[in-house]
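Please read the structure below before turning to the comments.
In the UniProt record's numbering, the protein residues as written are 1 to 96.
See below:
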């Protein structure tokens with residue numbers, strides 16, 4: 001599925017954390033292809049992008065403690081090619 005980034009503004013602490021581990025972020029008005037969809041423990045939906053391959057970073061997990069995985073980007077940062085919000089039904093087809 002192809003999507004367009006509409007929000008590339010990350011909080012300064014997040015950018016500093018990403019810089020420490022060499023994480024690249026999506027840029028506004030760029031088109032990306034969803035590589036994988038991940039549901040987080042907080043209910044948020046994140047995506048991995050085909051055009052951006054990032055290293056694993058340490059993340060605090062409520063049950064497992066510190067775990068390492070590739071950071072995802074919140075689906076709300078993106079729109080469809082028609083400029084519409086990405087629907088959950090569209091995302092469910094990607095991992096299947």
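Here a beta-carbon is modelled for each residue, glycine too, at the ideal position from N, C-alpha and C.
Being a predicted model, the structure only gives us computed values, none of them experimental.
Item, Value
"Proximity winner among 28, 18, 65, relative to residue 72 (alpha-carbon distances)", "18"
"Rounded straight-line distance, which links the Cα of residue 67 to that of residue 38", "15 angstroms"
"Local conformation of residue 35 per DSSP, three classes", "strand"
"Coarse secondary structure for residue 94, derived from DSSP in three states", "coil"
"Candidates 84, 10, 4, 41, of which the one nearest residue 64 by Cα", "41"
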